[in-house]
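Mind the numbering: the sequence shown is residues 1 to 182 in this note's numbering, read in order.
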Amino acid sequence: MNVYYAKTALYAYPNLEAVAEQIDEHVERSAVSSMDNYSPCIEQCQAIVDFTYQKDCLFALKLLIEDALIKLKKIERDLIGYKYFRERNNQDLSGINLKSRAYFRRQTIIIAKIAKILENLGATDKWFEETCMNVDFFKNLHRHTIEHEKSYEKPNKKEQSEKKEKNTEVSNIATSQNRLIA
(Lines of atoms letter the chains of each structure in order from A; the text may use other names.)
(Lines give C-alpha, C1' and ligand atoms only; values in the text may rest on other atoms or scores of the structure.)
Protein backbone atom coordinates (compact mmCIF):
# COMPACT_ATOMS: atom_id res chain seq x y z
CA MET A 1 0.00 0.00 0.00
CA ASN A 2 1.11 3.53 -0.76
CA VAL A 3 2.36 5.00 2.55
CA TYR A 4 1.20 8.45 1.45
CA TYR A 5 -2.40 7.27 1.78
CA ALA A 6 -1.70 6.10 5.32
CA LYS A 7 0.00 9.39 6.19
CA THR A 8 -2.86 11.40 4.70
CA ALA A 9 -5.40 9.31 6.59
CA LEU A 10 -3.54 9.94 9.85
CA TYR A 11 -3.28 13.68 9.21
CA ALA A 12 -7.01 13.72 8.37
CA TYR A 13 -8.12 11.66 11.37
CA PRO A 14 -8.43 14.47 13.97
CA ASN A 15 -10.60 16.49 11.55
CA LEU A 16 -12.87 13.80 10.11
CA GLU A 17 -15.80 14.47 12.44
CA ALA A 18 -15.60 18.24 11.89
CA VAL A 19 -15.56 17.78 8.11
CA ALA A 20 -18.54 15.40 8.36
CA GLU A 21 -20.41 18.04 10.38
CA GLN A 22 -19.62 20.64 7.72
CA ILE A 23 -21.02 18.31 5.08
CA ASP A 24 -24.20 17.91 7.17
CA GLU A 25 -24.56 21.68 7.45
CA HIS A 26 -24.02 22.11 3.71
CA VAL A 27 -26.62 19.44 2.90
CA GLU A 28 -29.08 21.06 5.29
CA ARG A 29 -28.53 24.51 3.75
CA SER A 30 -28.89 23.03 0.27
CA ALA A 31 -32.17 21.38 1.20
CA VAL A 32 -33.58 24.53 2.83
CA SER A 33 -32.59 26.77 -0.08
CA SER A 34 -33.62 24.28 -2.76
CA MET A 35 -36.70 26.27 -3.73
CA ASP A 36 -34.44 29.21 -4.65
CA ASN A 37 -32.30 26.90 -6.77
CA TYR A 38 -33.75 26.61 -10.27
CA SER A 39 -31.72 23.59 -11.32
CA PRO A 40 -33.66 20.37 -11.91
CA CYS A 41 -34.75 18.55 -8.78
CA ILE A 42 -32.87 15.41 -9.80
CA GLU A 43 -29.58 17.37 -9.88
CA GLN A 44 -30.21 18.79 -6.42
CA CYS A 45 -31.01 15.33 -5.08
CA GLN A 46 -27.90 13.88 -6.73
CA ALA A 47 -25.73 16.57 -5.12
CA ILE A 48 -27.16 15.71 -1.70
CA VAL A 49 -26.56 12.00 -2.33
CA ASP A 50 -22.96 12.76 -3.39
CA PHE A 51 -22.29 14.74 -0.22
CA THR A 52 -23.84 11.98 1.89
CA TYR A 53 -21.54 9.47 0.16
CA GLN A 54 -18.53 11.67 0.99
CA LYS A 55 -19.60 11.75 4.62
CA ASP A 56 -19.94 7.94 4.62
CA CYS A 57 -16.41 7.66 3.19
CA LEU A 58 -15.05 9.82 5.99
CA PHE A 59 -16.74 7.71 8.66
CA ALA A 60 -15.49 4.50 7.04
CA LEU A 61 -11.97 5.94 7.05
CA LYS A 62 -12.32 6.98 10.70
CA LEU A 63 -13.35 3.46 11.71
CA LEU A 64 -10.49 1.90 9.73
CA ILE A 65 -7.95 4.20 11.37
CA GLU A 66 -9.32 3.44 14.83
CA ASP A 67 -9.15 -0.31 14.11
CA ALA A 68 -5.56 0.07 12.88
CA LEU A 69 -4.48 2.14 15.89
CA ILE A 70 -5.79 -0.51 18.28
CA LYS A 71 -3.41 -3.02 16.68
CA LEU A 72 -0.36 -0.87 17.47
CA LYS A 73 1.63 -0.94 20.70
CA LYS A 74 0.95 1.91 23.13
CA ILE A 75 4.28 3.62 22.46
CA GLU A 76 3.61 3.43 18.70
CA ARG A 77 0.16 4.99 19.20
CA ASP A 78 1.77 7.70 21.31
CA LEU A 79 4.34 8.46 18.61
CA ILE A 80 1.61 8.55 15.94
CA GLY A 81 -0.43 10.85 18.19
CA TYR A 82 2.54 13.15 18.64
CA LYS A 83 3.32 13.48 14.95
CA TYR A 84 -0.08 13.28 13.27
CA PHE A 85 -2.62 14.35 15.91
CA ARG A 86 -0.58 17.09 17.62
CA GLU A 87 -0.87 15.41 21.02
CA ARG A 88 1.90 17.20 22.90
CA ASN A 89 1.14 16.48 26.58
CA ASN A 90 2.00 12.81 26.59
CA GLN A 91 4.14 11.79 29.57
CA ASP A 92 5.02 8.44 27.96
CA LEU A 93 7.16 10.25 25.39
CA SER A 94 9.22 12.14 27.97
CA GLY A 95 12.11 9.67 27.70
CA ILE A 96 12.30 9.80 23.91
CA ASN A 97 14.46 12.33 22.10
CA LEU A 98 11.96 13.59 19.52
CA LYS A 99 14.70 15.21 17.46
CA SER A 100 16.96 12.18 17.10
CA ARG A 101 17.51 10.06 14.02
CA ALA A 102 16.16 7.07 15.94
CA TYR A 103 12.81 8.87 16.38
CA PHE A 104 12.51 9.52 12.64
CA ARG A 105 13.52 5.95 11.77
CA ARG A 106 10.92 4.71 14.25
CA GLN A 107 8.25 6.92 12.65
CA THR A 108 9.11 5.44 9.24
CA ILE A 109 8.76 1.90 10.62
CA ILE A 110 5.48 2.72 12.35
CA ILE A 111 3.94 4.32 9.26
CA ALA A 112 4.90 1.26 7.18
CA LYS A 113 3.32 -0.93 9.85
CA ILE A 114 0.10 1.08 9.96
CA ALA A 115 -0.06 1.10 6.15
CA LYS A 116 0.16 -2.71 6.20
CA ILE A 117 -2.52 -2.93 8.91
CA LEU A 118 -4.83 -0.63 6.93
CA GLU A 119 -4.27 -2.74 3.83
CA ASN A 120 -5.11 -5.92 5.77
CA LEU A 121 -8.30 -4.21 6.96
CA GLY A 122 -9.29 -3.58 3.34
CA ALA A 123 -7.96 -0.07 2.78
CA THR A 124 -5.93 -0.83 -0.33
CA ASP A 125 -4.67 1.72 -2.85
CA LYS A 126 -7.72 0.92 -4.96
CA TRP A 127 -10.03 1.55 -1.98
CA PHE A 128 -8.44 4.93 -1.31
CA GLU A 129 -8.68 5.85 -5.01
CA GLU A 130 -12.34 4.85 -5.27
CA THR A 131 -13.56 6.25 -1.95
CA CYS A 132 -11.37 8.79 -0.21
CA MET A 133 -10.06 10.50 -3.34
CA ASN A 134 -13.66 11.45 -4.18
CA VAL A 135 -13.72 13.66 -1.08
CA ASP A 136 -12.19 17.08 -1.82
CA PHE A 137 -10.90 17.47 1.74
CA PHE A 138 -8.97 14.19 1.51
CA LYS A 139 -7.78 14.77 -2.06
CA ASN A 140 -6.34 18.19 -1.20
CA LEU A 141 -4.77 16.91 2.01
CA HIS A 142 -3.25 13.98 0.10
CA ARG A 143 -1.69 16.30 -2.48
CA HIS A 144 -0.32 18.53 0.29
CA THR A 145 1.02 15.51 2.22
CA ILE A 146 2.92 14.24 -0.82
CA GLU A 147 4.42 17.68 -1.49
CA HIS A 148 5.36 18.11 2.17
CA GLU A 149 6.88 14.65 2.59
CA LYS A 150 8.82 14.78 -0.68
CA SER A 151 10.36 18.10 0.31
CA TYR A 152 12.11 16.23 3.16
CA GLU A 153 13.30 13.25 1.13
CA LYS A 154 16.93 12.98 0.16
CA PRO A 155 17.47 12.95 -3.59
CA ASN A 156 18.72 9.64 -4.93
CA LYS A 157 22.18 9.29 -6.50
CA LYS A 158 20.84 9.73 -10.06
CA GLU A 159 19.09 12.98 -9.13
CA GLN A 160 22.23 14.20 -7.34
CA SER A 161 24.45 13.47 -10.37
CA GLU A 162 21.95 15.16 -12.73
CA LYS A 163 21.91 18.22 -10.48
CA LYS A 164 25.72 18.22 -10.34
CA GLU A 165 25.92 17.98 -14.16
CA LYS A 166 23.44 20.83 -14.54
CA ASN A 167 25.41 22.98 -12.09
CA THR A 168 28.61 22.17 -14.00
CA GLU A 169 26.97 23.19 -17.30
CA VAL A 170 25.76 26.46 -15.80
CA SER A 171 29.22 27.08 -14.36
CA ASN A 172 30.86 26.38 -17.75
CA ILE A 173 28.45 28.72 -19.53
CA ALA A 174 29.10 31.45 -16.98
CA THR A 175 32.88 30.98 -17.34
CA SER A 176 32.70 31.15 -21.15
CA GLN A 177 30.54 34.29 -20.92
CA ASN A 178 33.15 35.91 -18.67
CA ARG A 179 35.92 35.06 -21.18
CA LEU A 180 33.94 36.67 -24.01
CA ILE A 181 33.42 39.82 -21.97
CA ALA A 182 37.09 40.08 -21.00
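Heads up, the beta-carbon is just placed ideally off N, CA and C, and yes, glycines get one too.
Remark: C-beta atoms of residue 137 and residue 19 approach each other more closely than 8 Å.
Secondary structure in the segment 67-131: the alpha helix (DSSP H) runs of 4 residues or longer, each lying completely within the stretch, are 74-84, 101-120, 125-130 in chain order. Excluding residues up to 5 positions away in sequence, 111, 114, 115, 118 lie with their Cβ nearer than 7 Å to the Cβ of residue 6 in the same chain. Remark: C-beta atoms of residue 77 and residue 69 approach each other more closely than 8 Å. Shortest Cα-Cα distance from residue 52 to any of 150, 24, 37, 29 involves 24. Taking 8 Å as the upper bound for CB-CB distance, residue 82 and residue 13 are not in contact here, some 13 Å apart. In the three-state scheme derived from DSSP, where H, G and I count as helix and E and B as strand, residue 154 is classed as coil.
Residues of the same chain with a CB within less than 8 Å of the CB of residue 131, apart from the 5 flanking positions on each side, are 57, 60, 61 in chain order. Ranked by Cα distance from residue 87, the options 11, 2, 1 are led by 11. Relative to the Cα of residue 143, the nearest Cα in the group 2, 1, 73, 8 belongs to 8.
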